[in-house]
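Below is one structure, written out as structure tokens; the observations come after it.
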Amino acid sequence: MTNHWVDLKNADVFMICGANPSENHPCSWKWLEKAREERGAKIIVVDPRFTRSAARADLFSFLRPGTDIAFFNALIKYAIDKNYINWEYVQNYTNAPILVNPDFKGPWELDGYFSGYDKEKKKYDTKTWTYQTDPATGEPKRVHLIPIAEDPAFPGRGVPIGPKDANGNYIPNPDDQIAGTVFAKLKEHVSRYTYEGPNSVVAKVCGMDPEKFKEIAETYVGITHKREKTGNLMYAMGLTQSTYGTEKIRAFAILQALLGNTGLPGGGINALRGESNVQGSTDFGLLSHILTGYMPVPNTTDHPTLDKYLEKTTPKVGIWTWQPRFFKSYLMAYYGPYAKKNGLDKAYELHPKVKKGKNYTHIALFEDMYAGIIKGLIAWGQNPVVGGACSNLEAAAMDKLDWFVAVDLWETESMNFWRRPGVEPKDIKTEVWVLPAASSVEKSGSVTNSGRLAQYRWKAVEPPGEAKSDAWIMHQIMKALKDLYEAEGGKNKEAITELFWEYEEDEHGDPNLDQVQIEISGFTWPEEEFSWDAAFKKPVFGFANLKDDGSTACGTWIFCGQWASDTDIENAAKILGKDKELPRGDDGKVKIPRDKQATEWNGIPFNKAQWHFQKTPVYWLDKDGVTIYTENPPSSAKMIDLGITPNWAWAWPINRRIIYNRASCDWSGKPFAPDKALFTFKDDDTLGMKNDVPDFYTQASTDPAFPAELKGKATMRTRSGANSFFMNREPGALVARIFSNSLLEGPFPEHYEPRESPVKNMLSSVQNNPAAVLEWPSAKNEPEKWGFAEVGDPRFPYVCTTYRVTEHWQAGQMTRNNSWLGEAMPENFVEISKELADELGIKNGDLVEVESLRGKVQGVAVVTVRLKPLEIGDNGTTRKIHIVGLTWHYGFVGLFTGGPERNGFSKKNYAANQLTPHVGDANTTIPESKAFLVNLRKVK
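In structure tokens, the structure reads:
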């Protein structure tokens, strides 16, 4: 999330797409209702189903699964057509004013492709996806989209001075004056995404009523483009699980930039994570293409040496220019003693590297298992036989393993893949090992939630029987591996034997988590022989203090600073009334003792993930809307509490709760929304009020660290405004990217149909995402078993989508083994509309079977108004599309399997993912589980 959960209360309008927060994230709904009560906020839900969130919304529309980009692009067109644009934000804080390479062409010119596509290689050459630059400076060329008083130090940025329309919005310059800009190209791109009348894209592609679209557009776009209003996108797997899922998020990010909604309280792009620590897992490098803190994984071709890695991955501008600090400190955390003795270059040689161009994502790994390439698998809290796409294929892939280890709380379908319905156990030779795990209340450690908030959880009870914590299992396996490699050797032996793994153990054999935490947060490496006592005495406070010379260690640079500094402790002591007890040095400054492995001072933890102090910054507005930041406001002033809560746990980076927050103020430094201001600027252009940690350059122009070339030309305010998105990497464009060359399928989001679709693409001749892998080896070699239905395949006439319910969680082990929850939602069910039920002669409660090309699953029919047939375009005519809905929580093992059996094994497999295709997003390979083709019949 760019923002955080409590910040939802600051929104004026919510757009919920591909998510169902009232059901799947019910605690979040508290803050939507708070916004509704206090701000009169409106809630919009757009979904293939009338969900529990839709039941609480102000506006709802059905949408054909997989057509979100067409809907979002139509909203962008609506914003442009109506001049519902926050022009000051767009001119100064986005790349919209930048001129694009004149050789660039888009789908409106190339029938669905962007320039540079190689049809044989099925990939793009992105050399035209660039900017025009000034030959003298190398900076991108900017033009004035609106009349501005240009800042001499920053061409193309400044204060608007032009006329406004009847709605109070600045009038843009004529098209001929802004031709060739990112904005002009975007305008051309979305011109095809029409929204008026029965022949519009909104009607024929999305299946949406154009009048309902206008109502939604006026509510979201019409309200939140205003400078004092903010709109909030809430999304989840309903958007991402698609062959173009990443581009769906890009589309809405573009809309948010045009409306000026990113970087402000109540705004942003907010992913609703399905697990308490999914955000943490990506932060700590569990995705195959990144290391911790989102550093790129090195590959053998481009990054054979440390120098080459840093040369290729370090940009010339922005925070990422510190990549050498981040990566070398990371290397010290991994191989510190070895690096001290042999140097960081040698330590880098030990670090694992991937093969360039090789896909290591979930789908690709199971394809390799099915091909017999991968021989062993550890599934740690994973149940791919239920949760994996095309789960029959993934189970068949596991049949070919030599060994399989499952770490979980209960028996899972994956532990029992060898005796799943329809197979002979004696035919499967895989050796299966099961390690019982501790639950979240049976172990200590931190989780990082959707809002990037790291919160520590203390162990409440000991785990039962032989169950162990994840840390214990990982620690003991690593110790055994090191001993094994030391004794027997092996390929790249030193990568294991020299790995820094010196954690002390408690009486249970768990590693010391305070030592793990200080290693994550960062410390200065001892000059003498390493000791934890020395490490705890010299923590590093913030990633700006990391070094690129091997003197600091930091496992995850974005978490550097989670360990409290003396100033942090002093601030907490003031809140708690302990400031008179603070120890001070001879200079009168606070000096907190850090003897040996101290983890707190006077009850205040050094680990800020353990902080639970509820004091939050507040300020006041006087009757004229002027910001007052004082402890003693006038009685007539209105108190503003944004819910920032900086002393409740800790958010990366450096406890920043809303990222890109320089964009919450306009170019002149005034808050866009005074009643939810994060910052104010003083007359000397330095910061005044601070309600969050600044996500921008904060050095005053008098500071020695202020760039010499800007001295006398710029101030903190103008420099920070010109680089308002300084976590980006593009030279001269540290701004919100409306045009981007970082995704595989194009600089702008373009509508393509799902891999399985009932109709041809109405917008171009390119049916599917041309950059996605549309046919993996399993489908290519055995199309009749693992392949795909053709467009409009009469054998599979219905569109199916999958989703979750409140009563069950993920693959179901934690809830299907709970009698209360199981009784609330005991069996697999299939949702269909009344119209489809009438066509097929199905009644509520009938047993039905859903079938795709890849599998079958049975469930109880739920005939409902929550789904309805949609009228869409098809080859010049219209046709009715029926949608079938399935939950994906069930399987064949447990107290509740999904069928009539209880407490054991069912005769049938009730996993919905038996139906889904083994195909995914071009960038992430997340599977396309929200739109695929099926048939449906009543079971006799």
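When the letters of the sequence shown are read in order and numbered with this note's numbering, they come out as residues 485 to 1424. Glycine residues also receive a C-beta, built at the ideal position from the N, C-alpha and C atoms. Computed from a predicted structure; not experimentally measured.
- The bridge partners DSSP lists for G1369 are T1285, E1315.
- Counting only runs of 4+ residues, the alpha helix (DSSP H) found wholly inside the stretch 508-581 occupies 513-523, 536-539, 552-565, 571-577, in chain order.
- Taking 4 residues as the minimum length, the alpha helix (DSSP H) runs contained wholly in the stretch 931-980 are 954-972, in order along the chain.
- Membership of L1060 in the alpha helix (DSSP H) is indicated by the continuous run 1050-1060.
- Taking the C-beta atoms as reference points, V627 is found nearer than 8 Å to P581.
- For G706, no beta strand (DSSP E) encloses it; the enclosing alpha helix (DSSP H) starts and ends at 694-708.
- Boundaries cannot be given for Y1144, as no beta strand (DSSP E) includes it and DSSP labels it neither H nor E.
- In the three-state reduction of the DSSP assignment, E1307 falls in the helix class.
- In the DSSP assignment, F1165 is bridged to L1171.
- Rounded to whole angstroms, the separation of the alpha carbons of Y573 and R641 is 10 Å.
- Out of D829, E878, K830, the CA that lies nearest to the CA of E851 is found in E878.
- Under the three-state reduction of DSSP, P644 is assigned to strand.
- Classified as exposed, L770 has fewer than 16 neighbouring CB atoms from the shown chains inside 10 Å of its CB.
- Rounded to whole angstroms, the gap between the alpha carbons of I1326 and E1307 is 24 Å.
- In this chain, the beta strand (DSSP E) harbouring D1358 covers 1354-1358.
- The stretch 778-786 and the stretch 835-844 touch, with no fewer than 3 CB-CB distances between them shorter than 8 Å.
- With fewer than 16 other CB atoms across the displayed protein chains lying within 10 angstroms of its CB, T1361 is exposed.
- Around the CB of R1300, 16 or more other CB atoms lie within 10 Å, so the residue is classed as buried.
- Using a C-beta cut-off of 8 Å, the stretch 884-893 makes no contact with the stretch 1363-1371, since fewer than three inter-stretch Cβ pairs fall below that distance.
- By the neighbour-count criterion, in which a residue is buried when 16 or more other Cβ atoms sit within 10 angstroms of its Cβ, E1013 is exposed.
- Excluding five sequence positions before and after I1076, the CB atoms of its chain that fall closer than 6 Å to its own CB belong to D1050, I1053, W1085, given in chain order.
- In this structure, W1041 sits near S813, with a CB-CB distance shorter than 8 Å.
- In chain order, W592 place their CB closer than 6 Å to the CB of E672, counting only its own chain and leaving out the 5 sequence neighbours on each side.
- In the three-state reduction of the DSSP assignment, W917 falls in the strand class.
- The shortest CA-to-CA distance from A1161 to any of K625, S1148, P1130 is the one to S1148.
- Per DSSP, the unbroken beta strand (DSSP E) holding E1335 starts and ends at 1331-1336.
- For E1011, the closest C-alpha among the options P920, G820, P1310, G1039 is that of G820.
- For T1361, the secondary structure class from DSSP, reduced to helix, strand or coil, is strand.
- Per DSSP, the unbroken beta strand (DSSP E) holding K1340 starts and ends at 1339-1348.
- At a Cβ-Cβ threshold of 8 Å, L794 and F811 count as neighbours.
- Using a Cβ distance threshold of 8 Å, I528 and Y704 count as a contacting pair.
- Under the Cβ criterion (8 Å, minimum of three pairs), the stretch 561-576 does not count as touching the stretch 1233-1247.
- Shown here for N976: not one same chain residue has a beta carbon closer than 6 Å to its own, the five before and five after excluded.
- C-alpha of E759 to C-alpha of Q1297: approximately 14 Å in a straight line.
- The three-state reading of DSSP puts P591 in helix, counting H, G and I together.
- The three-state secondary structure of R711, taken from DSSP, is coil.
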